[in-house]
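What follows is a short report on a single structure.
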Amino acid sequence: VQNIMKHICEIAGATYKQNAKADISLRVITDHIRSTTFMVGDGVMPSNEGRGYVLRRLLRRAARHGRLLGVTEPFIYKVCDTVINENASAYPELAEKREYIKKVIRIEEENFAKTIDKGMELLNQVIDDVIAKNGKTISGDDTFKLSDTFGFPIDLTIEIAEEKGLTVDEKRYQELVQEQRAKARADRAAKAGSSWSESTMGAIAAPKTEFIGYKAFEGGAKVAAIIKDGAFVTRISEGDDASIILDKTPFYAESGGQVGDTGLISAGANRFEVFDCKKTATGHFIHIGTLTVGEISVGDSVNAAIDADRRKAIMRNHTSAHLLQQALRMVLGSHVHQAGSLVDAEKCRFDFSHFSAVAPKELAEVESIVNGFIMSALDVNVSEMPIKEAKELGATALFGEKYGDIVRVCNISGKSIELCGGTHIDNTAKIGLFKIISESSVAAGVRRIEAATGLNVIKLIDEANEKLYKACENLKISNANELAEKTAALSAELKVKDKQIEELNAKIAEQQTGSLFENAVEIGGVTLITAALNGTKPEVLRTIGDKIRDKSPKTVAVLSSVNDGKATLLAVCGPEAVKLGVNAGKLIKDIAAKVGGSGGGRPDSAMGGIADINNVDAALNSAAEIIKAMQK
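When you line the sequence shown up against the working numbering, it's residues 50 to 681, in that order.
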C-alpha cells in the first residue's frame, strides 16, 4: 500500500500527512485503485449494471479525487502497474492481464474526463441555486441529469453535496433511473429484435440450438450465425446491435410466461451483452444484444454466461407461481386454472380463472399457504416423461397449450404437479418469502395476482416501514401502534371543522347575496347581476349563486372569483329567466370563449374558467350583450 500511495503522490505532486483534505483524496484513490485493478482482472467491465456499475463508480470517484489534487489527465491506469507489481507473487494472473487491465481503466478515465468539467460546472450551478433559495436538497431530476448526461454516479453527487451541507433526493433519482432502463430495454429489444424474423431463420443451415441452461449457467459454445439489420453477416464490431445464434446455450429463451435470460457472450476481451433471448419455430435461440467491446465473427469459440443472480430470482418467482396456483385452488376451488403469467426477476404475475374479486381474508389465506410450502422446504423435482404418464400423475396443463409426446413435469413434493418448460429452484426453502402485492381484474372471469419473493419482499417491507415512520413523524407520535387511534381522532376532528367551514361559508354567502342586488340591471325582463368576488372559494361562489337564483326567479347572475392565480366564472338563471330564453350553460360558454376560456353546464347553473385573470372584467362586461342576443 505504501508504494501505491507513493506512486500517487509522485503523480499529484503531493506529500501524505501534510494536508488533511489532500490526505482524504490520497487514501480514497489508493483504496479504489487496488479494488478496480482486481475487479478488471477478474473480468468485470465498467457498465451501468451490477458489478460493472460498482467498478465505474469507484473509478470515477478516484478520478474526481485526482482532480481535487490537481491531476486532470488520466492517471489511474498508470498506478495499476504498481498495484500489479505489489501483488504479482500472490496473484500472478494480474501480471498476465497487465495491458488489458490498464487499457480498460484508461478508456474509462478518458471517457469520464470528456464530461467531468461540464458536469462539475452544472453541479456547482445547481448547488448555488439550492443554497440561494435556502434549500437543503438537490433534486432527483438534477441528480439524474448529472448521471445521464455527464456520467456522475449518484454517490459522487452525494459526496460533493455533503461537502456543501446538502442532501440528494435519492428516491426520485432511482425512479428516473428505472424509467430510463425500462425504456432503453424496450427500445433496444425493438431495434435488435427486428433484425431477424422467422423467414430469415429458415435460411440457416446450422442445427437447432442445444439448450444447456437447465443444468448450467454458463458454458462454451460456437457462433453459428449472426444477424444484423435483417441480414446474415459474418462479423460484427463494437457498438453494433445484433442477434447471435450459438450451437448451444445456457440462455433461457422467453416462453411459457418466463422472460428470457440476460448475460454475456465473450471471447477473450470481446464482449457481447445480451439483453434478451428468444426462440424461433426452427429451434434456434436468438441472443439479442449489443457488442460493447471488440468484434465477434461466425465460427468463433465463445463463453456464454447468463446473469446468474437474475436467473435465480426468476427461478424463485417461477416456482412460487406454481405454489400460488395450488394455494388458489385450495382456497377458491378447483375451478381455478392458469389464464396467463409473467415471471421475471422482480415479481411473478399470475392470471387465473375466477368469477369475482378475491376477498382480503382469502388472499391472506393463500399467502399463508404458499409461505407454509416454503417453510416446509419441499423438494422440487423436474423430469421428462411421456405425456400419458404425466396425466396419470395428475399434472396440471395450461389450457389451450399444445404439448408433444414427451413433456417436462415440475413436481413439488406432490403438492403441485404441472407441465412446465421453465426453470425452477430445487427446494422451496430457497424462495425465502412470498408476499402478494396486488389482486385485480384482467377481464370478465379472469383475475390477476402480482407477488414478490425473496429479497424483493424485504424491499417491500422496508418501503412500507419508511412510509409508516414518515406518517408517525408527521403526526408527531413515537409508536406506530398509536397510528390507527391518532388518525381516527384526526378524522373526527376534521369532520367537525368541515361542518364549521360549511356553516361559515353559508353565513358569508348570505351576507354577500343581499348586497349584490343593489347593482342589478334590467335586460329584456330579466334582472342581471354581475360581480367580481375575488378570494371567494368556488364552492362558496356556487352557494351564493344558488341563493340568488332562489331569491329571485327572474334573476341572471354572472359571478367571478380569482384564487391562486386562477379565475372561476359562475352563471345562474332563475326559472323565469330560463323561460325568457336565457341559458346559463350557453351563457358561460359564450362569455368564456370571448376571453380565451371555456365552460358550460345546465340551463340554470354553469361554471367556467379563464386562463388570464386580467380578462375577468371583460368577461363580466360581455354578459349583458350575450343575454340580449339570446332573447332575440
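Note that beta-carbon positions come from the ideal geometry of N, C-alpha and C, so glycine has one too.
Pull the bridge partners of residue i from the DSSP assignment, please.
| i | result |
| --- | --- |
| residue 570 | 577 |
| residue 304 | 307 |
| residue 322 | 313, 339 |
| residue 113 | In the DSSP output, where bridge partners are listed per residue, residue 113 has none listed. |
| residue 297 | 259 |
| residue 476 | 428 |
| residue 488 | 498 |
| residue 511 | Answer by DSSP bridge pairing: none, since residue 511 is not bridged. |
| residue 79 | DSSP lists no partner for residue 79. |
| residue 530 | Partner(s): none; residue 530 has no beta bridge. |
| residue 169 | Paired residues: none, contrary to the question. |
Measure the CB-CB distance between residue i and residue j and report whether it falls below 8 Å.
| i | j | result |
| --- | --- | --- |
| residue 362 | residue 394 | yes |
| residue 401 | residue 375 | no |
| residue 639 | residue 675 | yes |
| residue 623 | residue 601 | yes |
| residue 627 | residue 597 | no |
| residue 348 | residue 298 | no |
| residue 407 | residue 488 | yes |
| residue 143 | residue 90 | yes |
| residue 288 | residue 356 | no |
| residue 654 | residue 633 | yes |
| residue 107 | residue 154 | no |
| residue 631 | residue 679 | yes |
| residue 445 | residue 418 | no |
Run through DSSP, which three-state label would residue i get?
| i | result |
| --- | --- |
| residue 100 | helix |
| residue 434 | strand |
| residue 386 | coil |
| residue 405 | coil |
| residue 601 | coil |
| residue 615 | strand |
| residue 93 | coil |
| residue 342 | strand |
| residue 276 | strand |
| residue 266 | coil |
| residue 271 | strand |
| residue 148 | helix |
| residue 671 | coil |
| residue 651 | coil |
| residue 161 | helix |
| residue 74 | helix |
| residue 201 | coil |
| residue 124 | coil |
| residue 58 | helix |
| residue 661 | coil |
| residue 107 | helix |
| residue 118 | coil |
| residue 329 | coil |
| residue 139 | coil |
| residue 292 | strand |
| residue 253 | coil |
| residue 226 | helix |
| residue 218 | coil |
Can you name, in chain order, every residue of its own chain whose Cβ lies under 7 Å from the Cβ of residue i, other than the five neighbours on each side?
| i | result |
| --- | --- |
| residue 404 | 494 |
| residue 151 | 126, 129 |
| residue 149 | 318 |
| residue 656 | 617, 618, 619, 637, 648, 650 |
| residue 93 | 100, 101, 104 |
| residue 241 | Residue placement at residue 241 is flagged as unreliable, the pLDDT there being 49, under the threshold of 50; the coordinate-derived value follows with that caveat. Here the set comprises 290, 291, 292, 337, 338. |
Short of 6 Å in beta carbon distance, which residues of its chain neighbour residue i, apart from the five on each side in sequence? Order them along the chain.
| i | result |
| --- | --- |
| residue 308 | 393 |
| residue 517 | 529 |
| residue 420 | 483 |
| residue 210 | 187, 217 |
| residue 207 | 217 |
| residue 682 | Residue 682 falls outside the range modelled here, since the chain spans only 50 to 681, and no answer is possible. |
Leaving out five residues on either side along the sequence, give the residues of the same chain with a beta carbon under 8 Å from the beta carbon of residue i.
| i | result |
| --- | --- |
| residue 506 | 481, 482, 483, 484 |
| residue 72 | 65, 66 |
| residue 458 | 431, 432, 433, 434, 439, 442, 444, 466, 467, 468, 469 |
Kindly say whether residue i, judged by its beta-carbon, lies nearer than 8 Å to any beta-carbon of chain C.
| i | result |
| --- | --- |
| residue 70 | The structure shown contains no chain C; it is built from a single protein chain. |
I'd like to know if the segment 517-534 and the segment 420-435 are in contact, where contact means that at least 3 CB-CB pairs between them fall below 8 Å. no
Are the segment 195-203 and the segment 158-176 touching, with three or more C-beta to C-beta distances below 8 Å?
yes
Checklist entry - Is the segment 356-371 touching the segment 470-480, taking contact as three or more C-beta pairs under 8 Å? => result yes
#### Entry: the segment 549-563 in contact with the segment 508-516 per 3-pair CB rule at 8 Å
no
Would you say the segment 175-193 touches the segment 204-219, given that touching needs at least three Cβ pairs under 8 Å? yes
Practice problem: Give a yes or no on contact between the segment 52-59 and the segment 136-147, applying the rule of three or more CB pairs nearer than 8 Å. | Solution: no
* With contact counted as at least three CB pairs below 8 Å, one residue from each stretch, are the segment 327-347 and the segment 276-287 in contact? -> yes
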